[in-house]
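Note that the working numbering has the sequence shown beginning at 31, numbered continuously upward. Where a beta carbon is used, it is the ideal one built from N, C-alpha and C, also for glycine. In what follows, a structure is listed as structure tokens, so that the remarks can point back to it.
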Amino acid sequence: MAIIETGIPRVNTPGGREMFDCHAHLWDPAAGFPWLKAGSPHLRAYRAKDLETAGTGLGITGTVLVEASRGDAGETLALRELRRRHPELIAGYVGNLHVCEAAALRMLLTEPDAPNGMRIGGADWSATPAEARALVPMLADAGRVLELNLHRHALRTAAEVAAEHPSLTVVADHLGNPSDLDEWQRELRDAATVPNVVVKLSGLLTQPHGNSKTARQALDAVGADRCVVGSDWPICLPRGSRADSLAASVEAVSLSERDQILLSTPRRVYRLAG
Numbered sequence: 031m032a033i034i035e036t037g038i039p040r041v042n043t044p045g046g047r048e049m050f051d052c053h054a055h056l057w058d059p060a061a062g063f064p065w066l067k068a069g070s071p072h073l074r075a076y077r078a079k080d081l082e083t084a085g086t087g088l089g090i091t092g093t094v095l096v097e098a099s100r101g102d103a104g105e106t107l108a109l110r111e112l113r114r115r116h117p118e119l120i121a122g123y124v125g126n127l128h129v130c131e132a133a134a135l136r137m138l139l140t141e142p143d144a145p146n147g148m149r150i151g152g153a154d155w156s157a158t159p160a161e162a163r164a165l166v167p168m169l170a171d172a173g174r175v176l177e178l179n180l181h182r183h184a185l186r187t188a189a190e191v192a193a194e195h196p197s198l199t200v201v202a203d204h205l206g207n208p209s210d211l212d213e214w215q216r217e218l219r220d221a222a223t224v225p226n227v228v229v230k231l232s233g234l235l236t237q238p239h240g241n242s243k244t245a246r247q248a249l250d251a252v253g254a255d256r257c258v259v260g261s262d263w264p265i266c267l268p269r270g271s272r273a274d275s276l277a278a279s280v281e282a283v284s285l286s287e288r289d290q291i292l293l294s295t296p297r298r299v300y301r302l303a304g
């Protein structure tokens with residue numbers, strides 16, 4: 031399927047204020063990314079200039095870059111360098127916890143331009159590396175986000191980990207990747223009872239049950255102070271543009287909620303400037 035950028039509806043907040051896109055990726059296949067296979071529509075380099083072009087006219091204050099499974103600890107350092115080189119474009123970044131060693135993470139979290147969070151993913155929590163899970167208390171101590179990209183029980187895991195570490199903010203990517211909606215709704219209700227769980231309204235163009243209805247359910251369950259929005263660009267491109275993806279998420283948000291979800295909550299959750 032061809033990747034195209036379509037029309038760009040502005041999705042800014044009331045009064046002409048802007049928004050943070052809390053989930054986008056940059057990559058170059060030459061640097062790794064073994065999941066990019068021959069024939070994939072994503073098998074090309076996506077650079078900072080492409081990100082800027084894709085955001086033209088959208089009123090984006092800044093973007094949080096998220097690791098894209100390059101497969102080595104150098105990806106987190108590459109994201110940091112992108113943040114340093116393009117501060118007007120990139121508001122923050124989330125590194126890869128899978129490939130980070132304890133000593134390296136401890137040092138990274140104390141340096142200027144430290145990651146705003148680290149992400150762990152897999153089929154479920156038990157399928158993630160034990161060495162990576164052992165680093166979670168370090169994130170809690172540093173006040174950095176733990177992002178979960180789990181294909182099963184993401185919201186339940188977020189609730190369990192967040193309850194165990196009350197000072198840690200746990201962000202469930204892509205609505206928690208809902209597959210079985212009944213199960214997802216039960217786990218969403220459980221996650222809503224744990225105040226340091228945040229749900230990312232992202233991936234709506236690529237998730238089987240990603241739509242404005244499920245996004246609204248997540249928002250109603252946890253509240254505007256615990257939701258952020260992300261485009262999942264350029265993953266979204268076979269199904270629509272960055273603008274299309276953001277519009278799908280924002281469609282679920284009332285006008286009275288937009289300032290908080292698109293600006294205030296991202297600033298607090300990711301400790302963003304601007």
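Element boundaries [alpha helix (DSSP H), containing residue i]
i: D255; result: Element bounds for D255: n/a, residue is neither H nor E.
i: R298; result: T295 to Y300
i: V283; result: Careful: V283 lies outside any alpha helix (DSSP H) and carries neither H nor E.
Whole-angstrom distance between residue j and residue i, CA atom to CA atom
i: P44; j: A282; result: Here the model assigns P44 a pLDDT of 46, short of 50, so the residue's position is not dependable, and the following value carries that caveat. The alpha-carbon atoms of P44 and A282 are separated by roughly 15 Å.
i: L73; j: L169; result: 32 Å
i: E213; j: S284; result: 26 Å
i: E111; j: R163; result: 25 Å
i: A98; j: S286; result: 33 Å
i: G151; j: G89; result: 30 Å
i: G206; j: R115; result: 32 Å
i: I33; j: P167; result: Residue placement at I33 is flagged as unreliable, the pLDDT there being 43, under the threshold of 50; a coordinate-derived value is accordingly withheld.
i: K230; j: N179; result: 11 Å
i: A251; j: L109; result: 32 Å
i: E161; j: A68; result: 31 Å
i: Y300; j: V129; result: 21 Å
i: Q215; j: V228; result: 15 Å
i: L267; j: W65; result: 17 Å
i: I38; j: T106; result: A caution first: I38 carries a pLDDT of 42, below 50, which makes its placement in the model unreliable, though a value can still be read off. Their backbone Cα atoms lie some 30 Å apart in a straight line.
i: L198; j: N226; result: 7 Å
i: P59; j: R77; result: 11 Å
i: R288; j: V280; result: 8 Å
i: Q237; j: R269; result: 11 Å
Boundaries of the beta strand (DSSP E) in which residue i is found, first to last residue
i: T91; result: I90 to V96
i: D51; result: M49 to A54
Cβ-Cβ separation, residue j to residue i (assumed contact under 8 Å), whole Å
i: V224; j: A273; result: About 33 Å separates the two Cβ atoms, so there is no contact after all.
i: M148; j: L176; result: 6 Å
i: A278; j: L234; result: 4 Å
i: H53; j: S271; result: So it is not a contact: roughly 15 Å between Cβ atoms.
i: L185; j: A221; result: 4 Å
i: F50; j: L302; result: 6 Å
i: R174; j: L139; result: 6 Å
i: G87; j: L119; result: Contact flag wrong, Cβ pair sits at about 15 Å.
Residue(s) in a DSSP beta bridge with residue i
i: L231; result: V259
i: W65; result: Its beta-bridge partners do not exist; DSSP assigns none.
i: R74; result: According to DSSP, which records beta bridges pairwise, R74 is partnered with nothing at all.
i: R149; result: N126 and E177
i: W155; result: Answer by DSSP bridge pairing: none, since W155 is not bridged.
Residue i Cβ short of 7 Å to the ligand ADP heavy atom set
i: S99; result: Absence of the ligand ADP from the depicted structure is noted, as is the absence of any ligand whatsoever, leaving it without description.
Handout entry: Contained alpha helix (DSSP H) runs [length at least 4] in the stretch 164–219, N- to C-terminal order
Key = 166–172 and 184–194
Practice task
Could you name each continuous beta strand (DSSP E) segment of 3 residues or more that falls completely within the stretch 103–140, going from the start of the chain to the end?
Solution key: 120–126
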